[in-house]
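Engineer: Residue numbers (the numbering used here): 99 to 599.
1. Just to confirm the assignment, what range does the alpha helix (DSSP H) spanning residue 334 have?
2. Return the Cβ separation of residue 336 and residue 143 in integer angstroms, given the expectation that the two are a contact with Cβ distance under 8 Å.
3. For residue 553, does the three-state DSSP call read helix, strand or coil?
4. Taking 8 Å as the cut-off, does the CB of residue 570 come closer than this to any heavy atom belonging to the ligand MN?
5. If we call anything under 9 Å between Cβ atoms a contact, is residue 358 one with residue 421?
6. What ranges does the alpha helix (DSSP H) occupy inside the segment 176 to 258, keeping only unbroken runs of at least 4 residues that lie completely in it?
7. Out of 116, 425, 277, 123, state which residue places its alpha-carbon closest to the alpha-carbon of residue 255.
8. How big is the Cα-Cα spacing for residue 432 and residue 511?
9. Quick one: measure Cβ to Cβ for residue 318 and residue 183, integer angstroms, because I've assumed they're closer than 8 Å.
10. Using the beta-carbon count (16 or more within 10 Å), is residue 298 buried or exposed?
11. Cutting at 7 Å between CB atoms, please list the residues of its own chain near residue 526, excluding the five before and the five after it.
12. Quick one: grab the DSSP three-state call for residue 422.
13. Check whether the segment 348 to 356 touches the segment 481 to 501, counting contact only when three or more Cβ pairs, one atom from each stretch, lie closer than 8 Å.
14. Return the Cβ separation of residue 128 and residue 364 in integer angstroms, given the expectation that the two are a contact with Cβ distance under 8 Å.
15. Just tell me which of 229, 579, 412, 462 has its CA closest to the CA of residue 166.
16. Where residue 446 and residue 455 are concerned, what is the direct C-alpha to C-alpha distance, given to the nearest angstrom?
17. Rounded C-beta distance between residue 562 and residue 555? I'm assuming under 8 Å.
18. In angstroms with no decimal places, state the Cα-to-Cα distance between residue 535 and residue 330.
19. Measuring alpha carbon to alpha carbon, tell me which residue in 522, 548, 241 is nearest residue 558.
20. From what residue to what residue does the alpha helix (DSSP H) around residue 352 run?
21. What is the residue span of the alpha helix (DSSP H) that residue 284 lies within?
22. How about residue 115 and residue 244: are their beta carbons less than 9 Å apart?
23. Can you tell which of 226, 272, 126, 326 has the C-alpha that lies nearest to the C-alpha of residue 286?
24. Roughly how many angstroms lie between the CA atoms of residue 467 and residue 475, to the nearest whole one?
25. Tell me the rounded alpha-carbon separation between residue 497 and residue 436.
26. When burial is assigned at 16 or more other CB atoms within 10 Å of the CB, is residue 524 buried or exposed?
27. Can you give me the start and stop residues for the alpha helix (DSSP H) that residue 541 sits inside?
28. Do you know how far the Cα of residue 580 is from the Cα of residue 100?
29. So, is residue 529 buried or exposed, given that buried needs 16 or more other C-beta atoms within 10 angstroms?
30. Measuring only the C-alpha atoms, how far is residue 236 from residue 169?
31. What does the Cβ neighbour count give for residue 306, buried or exposed, with the cut at 16 atoms within 10 Å?
32. Going along the chain, which residues of its own chain have a beta-carbon closer than 7 Å to the beta-carbon of residue 532, five neighbours each way excluded?
33. Comparing alpha-carbon positions, which option in 311, 408, 321 lies nearest residue 155?
34. Output the distance between the C-alpha atoms of residue 598 and residue 203, rounded to the nearest integer angstrom.
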């Protein structure tokens, strides 16, 4: 139970830090949309997604590798950190050159090119900060990472709001993004130096540790680099493709519909990140890794599925609230109703991915990501010219499903045992039964509210909406017990999550 509480505690810290940033960024986004319109938002969102791709490339798949190596031998903290920084900053330089070529060859206007270049500068800073994140996680100092994220969030919110009011528009927001990353690094580095270590550049035995050398890290992380690069391309390539095939307005509509999913999908990733050190320790005991992973997958699915359904049912108010009801974004509602169903696949993949990593099956990630990317590219190239951003929306969910199935295939091939039926199928049945009963009762007893099988009674007001949600919550608890998605044996573990760890 101690390991479970550790996962819960670290997940909480990561969630607080990251979601502070995401929540404040939402308010900046709402302020931006009416000011910039679909054209300006298309530029901003393209620059953000392209910089995300470049950041993953610059990181070289070193995040979990740094955590793993430092967890194994803490005296190697500084050698591993220094080796990783040299790799990341070198790759960030190459990425910036590639970004320049992309902007020029694409024939973008100067404003669009400038936005891309500014976000490209942020890759250097964030790649360094994420190396600090990995070290802090290895030393179980996730709380320090949280403070850096909170400081960064406040800086971005304040600067972006100020510069938008001052009339700097798109460029003000782009520079605020870069400045906030500098603040995160400035807060986190002193906390890392004080709370981790030892910080010895040449500790005894360094020459025997492959990860303590840049060349060794390059070799160890090569499969993860390929997998993470293919992975981010399959997840984000749709935005550049839409820009190339359609226009900036289409990019704005699609990325706004995708934005809520991007926010929600951080939770499974945070959970998996917090779980990783515990998995490393559990792997030392026979059956320990499978036990921790099964619980993680089941609990995460029990949370993610209701959130996904709720988001789909409330797609219209959620999506339009994000852009402050600005004109031109109505089709984002349709996009969100489709792409949000990628959440269960993202959640399952996040746990299965860490299982494969802990089992030393990193090389399978290359095949998984390459197959997913190829599938995504083919579907997008065929669908976007005919169906536009709705075709891209379907391609996203289908690609995520392919990735999950590939992970599951390699889990079984590695000889790992994970009862997927109880973890996923039973919870899904419980949720479907819950919503069928909830919606049916609401339509029967309160037909004037306007509840349907695919929508909450939003137009009827806050009271009816939350009454239906509350009824669903009440019915969901017995449903998960009846389907055995949750049993009495889970209750002590669940109770331990709320105890001070």
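Backbone N, C-alpha and C define an ideal beta-carbon position, used for all residues, glycine too.
Structural biologist: According to the structure data:
1. Sequence index remark: in the chain shown, residue 334 carries index 236 (1-based). Looking at the DSSP string, the run of the alpha helix (DSSP H) that includes residue 334 is 312 to 334.
2. Numbered from 1 along the chain shown, position 238 holds the residue referred to as residue 336. Numbered from 1 along the chain shown, position 45 holds the residue referred to as residue 143. That belief does not hold up - the Cβ atoms of residue 336 and residue 143 are roughly 11 Å apart, past 8 Å.
3. Translated into positions along the chain shown, residue 553 becomes position 455. If DSSP states are grouped into helix, strand and coil, residue 553 belongs with the strands.
4. Absent from the structure shown: the ligand MN. Ligands present: none.
5. Counted from its first residue, the chain shown places residue 358 at position 260. Counted from its first residue, the chain shown places residue 421 at position 323. Taking a C-beta distance under 9 Å as the contact criterion, residue 358 and residue 421 do not qualify as a contact pair.
6. Counting whole runs of 4 or more residues, the segment 176 to 258 contains the alpha helix (DSSP H) stretches 208 to 236.
7. The residue you call residue 255 lines up with position 157 of the chain shown. For residue 255, the nearest C-alpha among the options comes from 123.
8. Mapped onto the chain shown, residue 432 falls at position 334. Mapped onto the chain shown, residue 511 falls at position 413. C-alpha separation (whole angstroms): 38 Å.
9. Within the chain shown, residue 318 is the residue found at index 220, counting from 1. Within the chain shown, residue 183 is the residue found at index 85, counting from 1. That belief does not hold up - the Cβ atoms of residue 318 and residue 183 are roughly 16 Å apart, past 8 Å.
10. Taking the chain shown and counting its residues from 1, one reaches residue 298 at position 200. Under this definition residue 298 is an exposed residue.
11. Position 428 of the chain shown, counted from the first residue, corresponds to residue 526. The beta carbon of residue 526 lies closer than 7 Å to those of 403 in the same chain, with the five residues before and after it left out.
12. By 1-based counting over the chain shown, the position of residue 422 is 324. When secondary structure is reduced to three states using DSSP, residue 422 falls in the coil class, being assigned neither helix nor strand.
13. Proximity of the segment 348 to 356 to the segment 481 to 501 meets the contact definition, three or more beta-carbon pairs being nearer than 8 Å.
14. For the purposes of this step, residue 128 is identified with residue 30 of the chain shown, where counting begins at 1. For the purposes of this step, residue 364 is identified with residue 266 of the chain shown, where counting begins at 1. About 19 Å separates the two Cβ atoms, so there is no contact after all.
15. Translated into positions along the chain shown, residue 166 becomes position 68. Comparing C-alpha distances from residue 166 to each of 229, 579, 412, 462 shows the shortest one belongs to 229.
16. Counting from 1 along the chain shown, the entry for residue 446 is found at position 348. Counting from 1 along the chain shown, the entry for residue 455 is found at position 357. Their backbone Cα atoms lie some 14 Å apart in a straight line.
17. To locate residue 562, count along the chain shown from 1; it is residue 464. To locate residue 555, count along the chain shown from 1; it is residue 457. Confirmed, Cβ separation roughly 4 Å.
18. Counting from 1 along the chain shown, the entry for residue 535 is found at position 437. Counting from 1 along the chain shown, the entry for residue 330 is found at position 232. Cα to Cα, residue 535 sits roughly 39 Å from residue 330.
19. Looking up residue 558 in the chain shown gives position 460. When each option's Cα is compared against that of residue 558, the closest is 548.
20. The count along the chain shown starts at 1 and reaches residue 352 at position 254. Taken as a continuous stretch (DSSP letters only), the alpha helix (DSSP H) holding residue 352 covers 346 to 362.
21. Within the chain shown, numbered from 1, the residue matching residue 284 stands at position 186. Counted as a single uninterrupted DSSP element, the alpha helix (DSSP H) harbouring residue 284 occupies residues 267 to 293.
22. Indexing the chain shown from 1 puts residue 115 at position 17. Indexing the chain shown from 1 puts residue 244 at position 146. Pairing residue 115 with residue 244 gives a Cβ-Cβ distance under 9 Å.
23. Here the question's residue 286 lines up with position 188 in the chain shown. It is 226 whose Cα lies nearest to the Cα of residue 286.
24. Taking the first residue of the chain shown as 1, we reach residue 467 at position 369. Taking the first residue of the chain shown as 1, we reach residue 475 at position 377. The alpha-carbon of residue 467 is positioned some 12 Å away from that of residue 475.
25. Indexing the chain shown from 1 puts residue 497 at position 399. Indexing the chain shown from 1 puts residue 436 at position 338. So the two alpha carbons sit approximately 13 Å from each other.
26. Here residue 524 corresponds to residue number 426 of the chain shown, with the count starting at 1. Flag for residue 524 reads buried.
27. Working through the chain shown from its first residue, we reach residue 541 at position 443. That run of the alpha helix (DSSP H) goes 524 to 543.
28. Along the chain shown, read from residue 1 onward, the residue named residue 100 stands at position 2. Along the chain shown, read from residue 1 onward, the residue named residue 580 stands at position 482. Low confidence applies here, because residue 100 scores a pLDDT of 48, under 50, leaving its location unreliable and the question unanswered by this model.
29. Start at 1 with the first residue of the chain shown, and residue 529 comes out as number 431. Classification of residue 529: buried, given that the 10 Å Cβ count is 16 or more.
30. Position 138 of the chain shown, counted from the first residue, corresponds to residue 236. Position 71 of the chain shown, counted from the first residue, corresponds to residue 169. The straight-line gap from Cα to Cα measures roughly 5 Å.
31. Indexing the chain shown from 1 puts residue 306 at position 208. Only exposed fits residue 306, as fewer than 16 other CB atoms lie within 10 angstroms of its CB.
32. Position 434 of the chain shown, counted from the first residue, corresponds to residue 532. Here the set comprises 570, 573, 574, 577.
33. As a position in the chain shown, residue 155 is number 57, starting the count at 1. With distances taken between Cα atoms, residue 155 lies closest to 321.
34. One-based indexing of the chain shown puts residue 598 at position 500. One-based indexing of the chain shown puts residue 203 at position 105. Its pLDDT being 40, under 50, residue 598 is placed unreliably in this model, and the value from its coordinates should be taken loosely. Residue 598 and residue 203: Cα-Cα distance of roughly 55 Å.
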